[in-house]
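Engineer: Count the sequence shown with my numbering and you get residues 1 to 325, in order.
Using N, Cα and C, we set each Cβ at its ideal position, and we do this for glycine too.
Below is a structure I'd like to ask you about.
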Amino acid sequence: MTSNIRPETMERITTPALAEAFIAEQIAAVREQVGDKKVLLALSGGVDSSVVAALLIKAIGKQLVCVHVNHGLMRKGESEDVIRVFGEELDANLIYVDATDRYLDLLAGVAEPERKRKIIGEEFIKIFDEEAAKLEGISFLAQGTIYPDIIESKGVKAHHNVGGLPEDMEMELVEPVKLLYKDEVRVVGEALGLPHAMVYRQPFPGPGLGVRCLGAITRDRLHALREADAILREEFDKNGLNHVWQYFVAVPDFKSVGVRDGKRYEGWPAIIRAVNTVDAMTATIEEIPYAVLHRITDRITHEVEGINRVCLDLTPKPIGTIEWE
Ligand code: XMP
Numbered sequence: 001m002t003s004n005i006r007p008e009t010m011e012r013i014t015t016p017a018l019a020e021a022f023i024a025e026q027i028a029a030v031r032e033q034v035g036d037k038k039v040l041l042a043l044s045g046g047v048d049s050s051v052v053a054a055l056l057i058k059a060i061g062k063q064l065v066c067v068h069v070n071h072g073l074m075r076k077g078e079s080e081d082v083i084r085v086f087g088e089e090l091d092a093n094l095i096y097v098d099a100t101d102r103y104l105d106l107l108a109g110v111a112e113p114e115r116k117r118k119i120i121g122e123e124f125i126k127i128f129d130e131e132a133a134k135l136e137g138i139s140f141l142a143q144g145t146i147y148p149d150i151i152e153s154k155g156v157k158a159h160h161n162v163g164g165l166p167e168d169m170e171m172e173l174v175e176p177v178k179l180l181y182k183d184e185v186r187v188v189g190e191a192l193g194l195p196h197a198m199v200y201r202q203p204f205p206g207p208g209l210g211v212r213c214l215g216a217i218t219r220d221r222l223h224a225l226r227e228a229d230a231i232l233r234e235e236f237d238k239n240g241l242n243h244v245w246q247y248f249v250a251v252p253d254f255k256s257v258g259v260r261d262g263k264r265y266e267g268w269p270a271i272i273r274a275v276n277t278v279d280a281m282t283a284t285i286e287e288i289p290y291a292v293l294h295r296i297t298d299r300i301t302h303e304v305e306g307i308n309r310v311c312l313d314l315t316p317k318p319i320g321t322i323e324w325e
């Protein structure tokens, strides 16, 4: 196993040529480490696990088994993208688990944010364990650990991430990008041919839309949130705003009165939040042009069933956190 300390002499990977060299090096190292054994990877579709998957597919092909758990709290189209890119285009050994009902049943009536997070995290471990138990001859566990995970949380992938894996899984780790910073992982991802949108996607919390569907999650409000969030992302893309660090919709669990087609129409508000930050410890507000805000408001209130108002959150961090819960 390689050291967890980045050598001072290690050159920052900033160009495709440097990425190619890194990839070739890692392919050789992974082949040497795993031989003809099988490797298991929890593939969330996030940048880090996607880059590790693409790298390992190149190195060991079908010896890599990817498990993608859809907890039903993904953004619109995300699980479909994982299936398309990894299952179809890269022809990976991909196990897709649609655990939507399981999660939403467990989360029904649970309003307390930390309790929601705990349920989502624990269920992920259970499902991953169940899938691993069905497989034979798995000797290694691959992880998208990156260097900040090592520095900030002693090697545990994203301290509050759903990506936490069963501690009692006694498998040797394969962590090909553990000495890289996020920007380097992205350069490597592009060199591996992953879609730009996947490699440069904004951060998305492990518990997904679960922390943005405020209070106790219901299927109808979760659906409205997902649709509103998709509209926001589409309009940010169209209007050249997708450089913004993180932008999303949160939907609280109360309704207000409105009017639609001349009739009283009660609906939830969609709260828009768009922030810029370097390290997520502090954040400033992106100044979205009013014309874009009008367009987003118009689309969300007309296209999304159940939403009748759009509000904009102008609170920096501190005093607000980035997420609402
Ligand atoms: P906050 O809300 O604490 O968020 O200002 C800082 C960054 O962390 C992300 N975040 C999470 N990520 N699991 C995660 O994997 C979580 O429970 C979680 N909560 C917040 C948030 O999206 C932001 O980028």
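Using 8 Å for Cβ pairs, my map puts Leu56 next to Leu64. What's the rounded Cβ distance?
Structural biologist: Going by Cβ atoms, the distance from Leu56 to Leu64 rounds to 4 Å, so yes, they are a contact pair.
Engineer: Which residues mark the beginning and the end of the alpha helix (DSSP H) in which Asp98 is found?
Structural biologist: It is not in any alpha helix (DSSP H) - Asp98 instead sits in the beta strand (DSSP E) that spans Asn93 to Asp98.
Engineer: DSSP on Tyr147, reduced to helix/strand/coil?
Structural biologist: Helix.
Engineer: Assuming Lys38 is part of the alpha helix (DSSP H), what are its boundary residues?
Structural biologist: Counting along the chain, Lys38 falls outside any alpha helix (DSSP H), though it belongs to the beta strand (DSSP E) covering Lys38 to Ala42.
Engineer: Put Ala280 into one of helix, strand or coil per three-state DSSP.
Structural biologist: In this structure, Ala280 counts as coil in the three-state DSSP scheme.
Engineer: Could you spell out where the alpha helix (DSSP H) holding Glu266 opens and where it closes?
Structural biologist: Taken as a continuous stretch (DSSP letters only), Glu266 belongs to no alpha helix (DSSP H), as it is neither H nor E.
Engineer: If you check the beta carbons only, do Val275 and Asn239 fall under 7 Å apart?
Structural biologist: In this structure, Asn239 does not lie closer than 7 Å to Val275 by Cβ.
Engineer: Identify the continuous alpha helix (DSSP H) that holds Val67 and give its terminal residues.
Structural biologist: Taken as a continuous stretch (DSSP letters only), Val67 belongs to no alpha helix (DSSP H), being part of the beta strand (DSSP E) at Leu64 to Asn70.
Engineer: Distance cutoff 7 Å, beta carbons only. Does Arg84 sit that close to anything in chain C?
Structural biologist: The chain labelled as chain C is not found in the depicted structure, where only one protein chain is given.
Engineer: Please go through the stretch 117-144 and give each complete beta strand (DSSP E) segment of 3 or more residues, from N-terminal end onward.
Structural biologist: List check, beta strand (DSSP E) in window: 138-142.
Engineer: Just to confirm, is the Cβ distance from Gly361 to Tyr103 under 7 Å?
Structural biologist: This structure cannot speak to residue 361, because the chain is shown only from 1 to 325.
Engineer: Helix, strand or coil: how does DSSP classify His159 here?
Structural biologist: Caution is warranted here: a pLDDT of 41 is assigned to His159, below 50, making its placement in the model unreliable, and no coordinate value can be reported.
Engineer: Taking contact to mean 3 or more Cβ pairs, one atom from each stretch, closer than 8 Å, check whether the stretch 208-220 and the stretch 102-117 are in contact.
Structural biologist: Yes, the stretch 208-220 touches the stretch 102-117.
Engineer: Nearer than 6 Å: is that true of the beta carbon of Ala280 relative to any heavy atom of the ligand XMP?
Structural biologist: It does: the Cβ of Ala280 is within 6 Å (strictly closer) of some heavy atom of the ligand XMP.
Engineer: So, using beta-carbon positions, are Gly144 and Ser49 closer together than 7 Å?
Structural biologist: Yes, the Cβ-Cβ distance between Gly144 and Ser49 is below 7 Å.
Engineer: Can you tell me whether Phe254 is buried or exposed? The criterion is at least 16 other CB atoms within 10 Å of its CB, across all chains shown.
Structural biologist: Phe254 should be labelled exposed.
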